[in-house]
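Participant: Numbering (our numbering), first residue to last: 146 to 652.
For glycine and all other residues, C-beta sits at the position ideal for the given N, C-alpha and C.
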Ligand SMILES: Cc1cc2nc3c(=O)[nH]c(=O)nc-3n(C[C@H](O)[C@H](O)[C@H](O)COP(=O)(O)OP(=O)(O)OC[C@H]3O[C@@H](n4cnc5c(N)ncnc54)[C@H](O)[C@@H]3O)c2cc1C
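See the structure below:
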């Protein structure tokens with residue numbers, strides 16, 4: 146076989162210039178690391194018109210330094226109107242509780258990200274078609290025949306990710322549901338209150354939300370088949386009729402939003418997800434390659450978290466990689482082997498931080514979608530009485546995540562547990578306890594640092610653990626990781642306490 150001619154060499158290459166790719170590139174740029182983004186489209190690819198960005202996304206945008214410039218154009222929506230044809234008004238927690246929800250145009254989000262990094266960071270019309278392993282480097286083959294060599298490869302290439310496939314992650318599956326989305330412009334202003342409206346009835350979930358003063362974004366998800374989507378894909382008039390037929394019982398205001406939508410502002414997409422348990426054992430990273438955004442955790446849009454969590458990913462990945470590469474001055478890194486080991490460590494840290502978070506986001510989105518689109522008398526009754534509130538609190542709970550700041554000292558918001566071990570071998574209970582403390586609240590960025598510090602009281606671990614379990618916002622429902630870990634905790638916790646007391650000579 147003829148050997149490929151390597152035309153370019155870049156330290157860090159990101160495949161895909163969507164939300165995840167651009168966030169990662171900007172995060173790295175902020176931390177002083179250059180990267181190259183390869184995007185297959187000719188320009189920024191904007192599908193889906195708009196998206197709701199929740200608290201976690203705004204925290205990530207703030208870390209990147211672009212939160213306020215976006216806030217200026219998109220007012221928050223402090224209320225929800227959720228339910229069947231007669232929805233209940235739900236007040237979201239006040240802003241002091243940290244809640245923030247705004248609907249943002251995708252185009253503006255991507256352009257704002259792009260504006261922040263140096264010219265030439267994104268290479269358009271650059272589709273990666275295969276990946277080759279060459280020791281410490283990866284060789285990327287592009288559709289135009291060119292090749293590129295890199296020390297770090299980050300796959301932000303969306304739901305059908307080539308990089309995820311290379312890592313051996315299982316392919317995302319079709320959820321049996323689809324979404325039709327639309328965007329309406331009101332040149333003189335829509336005059337609506339800043340509220341998110343969501344209706345569940347007749348087996349569909351339909352909602353709309355103001356996106357600034359002059360636009361409304363709407364969505365409709367429903368049970369479907371790939372064939373149905375294929376038939377409808379090129380026919381927005383049919384999509385519009387379909388949605389109108391499904392929401393005919395709703396108030397006139399809700400119908401008017403769809404009626405006013407131009408046909409070139411309607412699109413349809415099948416909803417896919419990665420089976421969450423395949424992420425628990427699968428490779429999020431391997432050597433100097435990892436995935437992020439939809440390439441890592443494609444999920445159904447029921448809790449509006451795909452884009453938000455891609456922003457989280459970007460900040461965390463940039464921090465992990467920069468921590469690994471920059472903590473020691475780069476000119477002091479001895480050789481390629483040491484550099485590669487650092488890269489691997491950084492990516493492993495990212496994978497560890499994101500595995501359970503990805504698992505719970507995909508699971509929560511699936512369960513919420515399942516409940517919302519179920520019909521029947523019992524389900525409708527439950528939805529009417531309890532589930533509207535439940536849905537809103539689930540959305541808010543999953544959004545209550547802080548990705549931390551963009552600095553490589555590793556300081557994160559939330560809290561950290563510093564566990565200091567006098568003797569690693571003797572305090573195995575502490576290792577287990579602190580592992581659980583760490584695992585119990587990944588969404589709080591509870592980080593674990595183990596150091597051997599002679600003379601430090603190992604009881605500190607117990608205190609940290611106490612702090613974790615007494616942390617106030619324990620919610621057992623939906624959050625699969627907490628349910629699972631709570632079981633482990635109930636079984637192992639008391640045994641460990643006993644062992645610790647024995648150790649201390651108290652029994
Ligand atoms: C109906 C619906 C509603 C949604 N609503 C919300 C919401 O309200 N809030 C929210 O947070 N999220 C929402 N999402 C999810 C959100 O849109 C996605 O999670 C987010 O866009 C993922 O970003 P990404 O960068 O990971 O992937 P993508 O946006 O898919 O970007 C991947 C990029 O990689 C490029 N690419 C792919 N393969 C290659 C290759 N081989 N070589 C080079 N480039 C390549 C693509 O061209 C693309 O630009 C919704 C999704 C849907 C379907």
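If you drop the 5 nearest sequence neighbours on each side, which residues of the same chain put their C-beta closer than 6 Å to that of residue 258?
Facilitator: Counting from one through the chain shown, the residue named residue 258 turns up at place 113. The answer, listed in chain order, is 167 and 171.
Participant: Would DSSP call residue 153 helix, strand or coil?
Facilitator: Position 8 of the chain shown, counted from the start, is the residue given in the question as residue 153. In this structure, residue 153 counts as strand in the three-state DSSP scheme.
Participant: To the nearest angstrom, how far is the alpha carbon of residue 628 from that of residue 419?
Facilitator: For the purposes of this step, residue 628 is taken as residue 483 along the chain shown, with counting starting at 1. For the purposes of this step, residue 419 is taken as residue 274 along the chain shown, with counting starting at 1. Because residue 628 carries a pLDDT of 44, less than 50, the predicted location of this residue cannot be relied on, and no value is offered for it.
Participant: On the three-state DSSP scale, how would you describe residue 333?
Facilitator: Stepping through the chain shown from its first residue, residue 333 is reached at position 188. If DSSP states are grouped into helix, strand and coil, residue 333 belongs with coil.
Participant: By alpha-carbon positions, which one of 503, 196, 397 and 505 ends up nearest to residue 341?
Facilitator: Position 196 of the chain shown holds residue 341. The candidate whose alpha carbon is nearest that of residue 341 is 196.
Participant: Just to confirm, are residue 247 and residue 221 a CB contact at a threshold of 8 Å?
Facilitator: Here the question's residue 247 lines up with position 102 in the chain shown. Here the question's residue 221 lines up with position 76 in the chain shown. Yes; because the gap between Cβ atoms is below 8 Å, this pair is in contact.
Participant: Pick out the complete alpha helix (DSSP H) segments inside the region 446-500, 4 residues or longer, and give them in chain order.
Facilitator: 451-471
Participant: What does the Cβ neighbour count give for residue 433, buried or exposed, with the cut at 16 atoms within 10 Å?
Facilitator: Locating residue 433 in the chain shown gives position 288, counting from the first residue. Flag for residue 433 reads buried.
Participant: For residue 662, does the count of other Cβ atoms within 10 angstroms reach 16, so buried, or fall short, so exposed?
Facilitator: It is not possible to answer for residue 662, since the shown part of the chain is limited to 146 through 652.
Participant: When you compare only the Cα positions, how much space is there between residue 277 and residue 308?
Facilitator: Along the chain shown, read from residue 1 onward, the residue named residue 277 stands at position 132. Along the chain shown, read from residue 1 onward, the residue named residue 308 stands at position 163. Answer to the nearest angstrom: the Cα atoms are 11 Å apart.
Participant: Between residue 390 and residue 186, what straight-line distance do the alpha-carbon atoms span, to the nearest angstrom?
Facilitator: Mapped onto the chain shown, residue 390 falls at position 245. Mapped onto the chain shown, residue 186 falls at position 41. Roughly 35 Å between the two C-alpha positions.
Participant: Looking at residue 395: is its Cβ nearer than 8 Å to the Cβ of residue 344?
Facilitator: Counted from its first residue, the chain shown places residue 395 at position 250. Counted from its first residue, the chain shown places residue 344 at position 199. It is a contact, given that the beta carbons lie within the stated cut-off.
Participant: Can you tell me where the alpha helix (DSSP H) with residue 421 in it begins and where it stops?
Facilitator: In the chain shown, counting from the first residue as 1, residue 421 sits at position 276. Its alpha helix (DSSP H) spans residues 421-426.
Participant: Counting C-beta neighbours from all protein chains within 10 Å, is the total for residue 363 16 or more, i.e. buried, or is it exposed?
Facilitator: On the chain shown, residue 363 is found 218 positions in, with the first residue counted as 1. For residue 363, the number of other beta carbons within 10 angstroms of its own is at least 16, and it is reported as buried.
Participant: Under 8 Å between the Cβ atoms of residue 541 and residue 450?
Facilitator: Walking along the chain shown from the start, residue 541 turns up at place 396. Walking along the chain shown from the start, residue 450 turns up at place 305. No, these two residues do not count as a Cβ contact at 8 Å.
Participant: Verify the contact flag: residue 197, CB atom, against every heavy atom of ligand 1, threshold strictly below 7 Å.
Facilitator: Taking the first residue of the chain shown as 1, we reach residue 197 at position 52. For residue 197, the distance from the CB to the nearest heavy atom of ligand 1 is below 7 Å.
Participant: Check whether the Cβ atoms of residue 200 and residue 509 lie closer than 8 Å to each other.
Facilitator: Translated into positions along the chain shown, residue 200 becomes position 55. Translated into positions along the chain shown, residue 509 becomes position 364. No, the pair does not count as a contact, with Cβ atoms beyond the cut-off.
Participant: Just list the residues that DSSP pairs residue 299 with in beta bridges.
Facilitator: Counted from its first residue, the chain shown places residue 299 at position 154. DSSP output for residue 299 lists 159 and 435 as bridge partner(s).
Participant: Sort out for me which residues DSSP pairs residue 404 with in a bridge.
Facilitator: Mapped onto the chain shown, residue 404 falls at position 259. DSSP lists no partner for residue 404.
Participant: Across the region 262-273 and the region 178-193, are there enough close Cβ pairs to call them in contact, namely three or more that are closer than 8 Å?
Facilitator: Contact holds: three or more Cβ-Cβ distances are below 8 Å.
Participant: Might you give, ordered along the chain, the residues of its own chain that have their beta carbon closer than 6 Å to the beta carbon of residue 471, omitting 5 neighbours on each side?
Facilitator: Within the chain shown, numbered from 1, the residue matching residue 471 stands at position 326. Contacts found: 553.
Participant: Between residue 448 and the rest of its own chain, which residues show a CB-CB distance below 7 Å, the 5 nearest in sequence each way excluded?
Facilitator: Here residue 448 is taken as the residue at index 303 of the chain shown, counted from 1. Closer than 7 Å at the Cβ level, and outside the excluded window around residue 448, lie 509, 510, 513, 539, 540 and 543.
Participant: In the DSSP assignment, find the unbroken beta strand (DSSP E) run with residue 363 in it and report its ends.
Facilitator: Here residue 363 refers to the residue found at position 218 when the chain shown is read from its first residue. Residue 363 -> beta strand (DSSP E) spans 360-368.
Participant: In chain order, which alpha helix (DSSP H) runs of at least 4 residues are fully inside the region 188-267?
Facilitator: Uninterrupted alpha helix (DSSP H) stretches at least 4 residues long and entirely within the region 188-267 occur at 200-209, 212-216 and 251-260, given in chain order.
Participant: Please tell me whether residue 465 and residue 492 are closer than 8 Å, where the distance is taken between their beta carbons.
Facilitator: Position 320 of the chain shown, counted from the start, is the residue given in the question as residue 465. Position 347 of the chain shown, counted from the start, is the residue given in the question as residue 492. Here residue 465 is near residue 492, since their CB atoms are less than 8 Å apart.
Participant: Cα separation between residue 286 and residue 416?
Facilitator: On the chain shown, residue 286 is found 141 positions in, with the first residue counted as 1. On the chain shown, residue 416 is found 271 positions in, with the first residue counted as 1. CA-to-CA, the gap between residue 286 and residue 416 works out to about 29 Å.
Participant: Sorry if obvious, but does the Cβ on residue 450 come closer than 7 Å to a heavy atom of ligand 1?
Facilitator: Against the chain shown, residue 450 aligns to sequence position 305. Yes, since a heavy atom of ligand 1 falls inside the 7 Å radius drawn around the Cβ of residue 450.
Participant: Less than 8 Å between the CB atoms is what I'm expecting for residue 317 and residue 443, so what's the real figure, rounded?
Facilitator: The residue you call residue 317 lines up with position 172 of the chain shown. The residue you call residue 443 lines up with position 298 of the chain shown. Yes, they are in contact, since the Cβ atoms of residue 317 and residue 443 sit about 5 Å apart, within 8 Å.
Participant: Below 8 Å on the Cβ atoms is my guess for residue 496 versus residue 429; work out the distance and round it to an integer in Å.
Facilitator: By one-based count along the chain shown, residue 496 stands at place 351. By one-based count along the chain shown, residue 429 stands at place 284. Contact between residue 496 and residue 429 holds, since their C-beta atoms are separated by about 4 Å, short of 8 Å.
Participant: By how many angstroms is the C-alpha of residue 551 removed from the C-alpha of residue 397?
Facilitator: Numbered from its first residue, the chain shown carries residue 397 at position 252. Numbered from its first residue, the chain shown carries residue 551 at position 406. Distance between the alpha carbons of residue 397 and residue 551: 46 Å.
Participant: Assuming residue 371 is part of the alpha helix (DSSP H), what are its boundary residues?
Facilitator: Residue numbering aside, residue 371 sits at position 226 when the chain shown is read from its first letter. 371-377 is the span of the alpha helix (DSSP H), which, as asked, contains residue 371.
Participant: Looking at residue 202 and residue 361, is the spacing between their C-beta atoms short of 8 Å?
Facilitator: Against the chain shown, residue 361 aligns to sequence position 216. Against the chain shown, residue 202 aligns to sequence position 57. Their beta carbons are not under 8 Å apart, which means residue 361 does not touch residue 202 by this criterion.
Participant: What three-state label does DSSP hand residue 174 in the structure shown?
Facilitator: On the chain shown, position 29 is the one that residue 174 refers to. In this structure, residue 174 counts as helix in the three-state DSSP scheme.
Participant: Please find out if some non-hydrogen atom of ligand 1 comes closer than 7 Å to the beta-carbon of residue 158.
Facilitator: Here residue 158 refers to the residue found at position 13 of the chain shown. Outside the cutoff, so no.
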